[in-house]
Each structure stands twice: as structure tokens, then as C-alpha cells.
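To keep things clear, I will list the structure first and then write my remarks on it.
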Amino acid sequence: MRPHAITVRDLSVSYPGREVFQGVDLTLRGGEFTGLLGPNGAGKTTLMRAMLGLVPVSAGTIEVTGSRPIRNVVGYVPQRHNVAWDFPIDVYAATLNATLGQRPWYRRAGEREHTWTQRALRMVNLADLADRPISDLSGGQRQRVLIARALVRRPRMLLLDEPFTGLDIPTTEHLLGLFRKLVDKGLGVVMSTHNIAEAVDACDRLILFKGGVVADSKVDQLDSATPWMDTFSVTEDSPWLRGVRTHLEANFA
134 MRPHAITVRD LSVSYPGREV FQGVDLTLRG GEFTGLLGPN GAGKTTLMRA MLGLVPVSAG
194 TIEVTGSRPI RNVVGYVPQR HNVAWDFPID VYAATLNATL GQRPWYRRAG EREHTWTQRA
254 LRMVNLADLA DRPISDLSGG QRQRVLIARA LVRRPRMLLL DEPFTGLDIP TTEHLLGLFR
314 KLVDKGLGVV MSTHNIAEAV DACDRLILFK GGVVADSKVD QLDSATPWMD TFSVTEDSPW
374 LRGVRTHLEA NFA
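Be aware that the sequence shown starts at 134, since it is given in our numbering, and climbs by one per residue.
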């Protein structure tokens, strides 16, 4: 069986009075850790949501290779502020409920779904908090619930929208290690982040995005200043850009 991949061709999304992005062409593959980088308002979240069919596209196509439909192939971790955390449900049930798309709506969760749920909570170190209401969780714990909900669906692709916002360093490092293990087993991971150093250290590939794809290459090949300047609207003598290039040089010298 071929590995799962998502191929986007000439994709455009527009809202009334505003074009979010246009003409996007890219392929996301299993076994690859991809960083999606760009400034606020660049369209990164919209791109992820468009690939999931959560926002309408104005042009282009999205294709999936493999044997399962996209809703079962892709796990999505949205930004934490988009979730109703005051809903009266505990960590275990919130994670288990994410299996609804994996079974007919009329069938109750069985042993298989409970096994998946327990495994997902162990993977994100939340097994000890399974009975805690989600409203009582810290910001970092809530983020881990979202990741568990994505993992419980046993996806072949993970789309992560700012997954480490509000997490402490040990938790971030644990999850980065987890994502790397999943990638090494053939999962595809796409991570939107503002932490450039984190992306350079963790990812195999970087996509610089601002209203479209500015650059798309292996991390060690993004040493030119031009795509960074075009994406983040900085000058060549920007201290921020010098820091990015220094970090790249330190990693790949």
C-alpha cells in the first residue's frame, strides 16, 4: 500500500473582500515532519482548515492517496482558544468522543475505542488526569487533550496549529519526541509555529507561507536570506533574521 499523502493543487481561499491565499501547490507525505512558518494573518490556519474541508475553497483541488477518506486520515489539533473548555466533560470522555468519526454514529464506543483512548492519554502523559473535568485543566493540560483527541483517531497525518503554545519546556520536549517517533513510523506531521528555532531543530522540511508558498525545502537548504525576508517582511540586517541564520548555521555547519 502506498503511504498516505495529501496533494494540494492550485488551491485558493477567499473571504468577502479579502483573498487569504492563492495558487498553493504542495504535497504532504507520511514519514515527514514539516514546519509551516509565517507571520500572523499569513493564512496558515486557513490552509489547514481548507485541507480538512472546514472552510470553502474558491479554486483548486485537494487529493488524498491511500485507502481511507481524509476525515479518517488526518488528525487536527486546533489552537486552544477555539475550544469550549467550560463544557461539562472529563478528559477521558473528551478523548473518547473523538472516536465518533471512526464508527457509526448509532454504535456506542466498544473495547477497541476504549483501548485507543487509554493509549492516546498515555502518549501525552494524561492518564493520571483521565477523570478530571476539562474546565479544571491548566493551559498546557488542555493542549495535551487536543493532541490526544487527534491521536485517538489513529491518523496517518497530523496537522498541528500552534501546538506548543502555553506548554512548559519538559512537556514540549516530550511531545516533540513523540511526534518524531510517529514520523519515524511513517506518520506525516505538519506543525504551524512561530518558534523558528523549534521548527529548525525538529522538522525535516520547512514551508514559508505568506498568502501562498514563498519557499518549500529541506531545512538545511533554507540558508538564503531572501525567502525569510519575503515571508516575514524584515530587512537583511534585521537582528531577528541574523538570529535565524545563525541557528541554521549552528545546526547544519
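Here a beta-carbon is modelled for each residue, glycine too, at the ideal position from N, C-alpha and C.
1) Shortest alpha-carbon distance to residue 183 belongs to which of 144, 324 and 216?
2) Measure the C-alpha to C-alpha separation of residue 380 and residue 185 and round it to an integer number of angstroms.
3) CB residue 339 to CB residue 355, shorter than 8 Å?
4) Any chance the stretch 169 to 179 sits against the stretch 252 to 265, with 3 or more Cβ pairs inside 8 Å?
5) How would you label residue 351, buried or exposed, when you count the other beta carbons within 10 angstroms and need 16 or more for buried?
6) Buried or exposed: where does residue 177 fall if 16 or more other Cβ atoms within 10 Å of its Cβ makes it buried?
7) Locate the beta strand (DSSP E) running through residue 374, then write down its first and last residues.
8) Under a Cβ-count criterion, where at least 16 other Cβ atoms within 10 Å of its own Cβ denotes burial, should residue 148 be classed as buried or exposed?
9) Could you tell me whether the stretch 209 to 219 touches the stretch 241 to 249, using the rule of 3 or more Cβ pairs below 8 Å?
10) Taking the runs of the alpha helix (DSSP H) that are 4 residues or longer, which of them lie wholly in the stretch 292 to 363?
11) Does residue 134 pass the burial test, meaning 16 or more other C-beta atoms within 10 Å, or should it be called exposed?
12) Identify, in the order they occur along the chain, each residue of the same chain with its Cβ nearer than 6 Å to the Cβ of residue 277, setting aside the five sequence neighbours on each side.
13) Can you tell me where the alpha helix (DSSP H) holding residue 228 begins and where it ends?
Reading it off the structure:
1) Ranking the options by Cα distance to residue 183, first place goes to 144.
2) Those two C-alpha atoms are separated by around 33 Å.
3) Taking 8 Å as the Cβ cut-off, residue 339 and residue 355 qualify as a contacting pair.
4) Result no; under three Cβ-Cβ pairs closer than 8 Å.
5) With fewer than 16 other Cβ atoms within 10 Å, it is exposed.
6) The residue is buried, with at least 16 neighbouring Cβ atoms inside 10 Å.
7) Run containing residue 374: none in the beta strand (DSSP E); it sits in the alpha helix (DSSP H), 372 to 385.
8) So residue 148 ends up on the exposed side.
9) Contact fails between the stretch 209 to 219 and the stretch 241 to 249, because fewer than three Cβ pairs, one in each stretch, are under 8 Å apart.
10) Whole alpha helix (DSSP H) segments, 4+ residues: 302 to 317 and 329 to 335.
11) Below a pLDDT of 50, predicted positions are generally treated as unreliable, and residue 134, at 38, falls in that range; no measurement from the model is reported.
12) Only 257 and 259 meet the Cβ criterion.
13) For residue 228, the enclosing alpha helix (DSSP H) stretches over residues 224 to 229.
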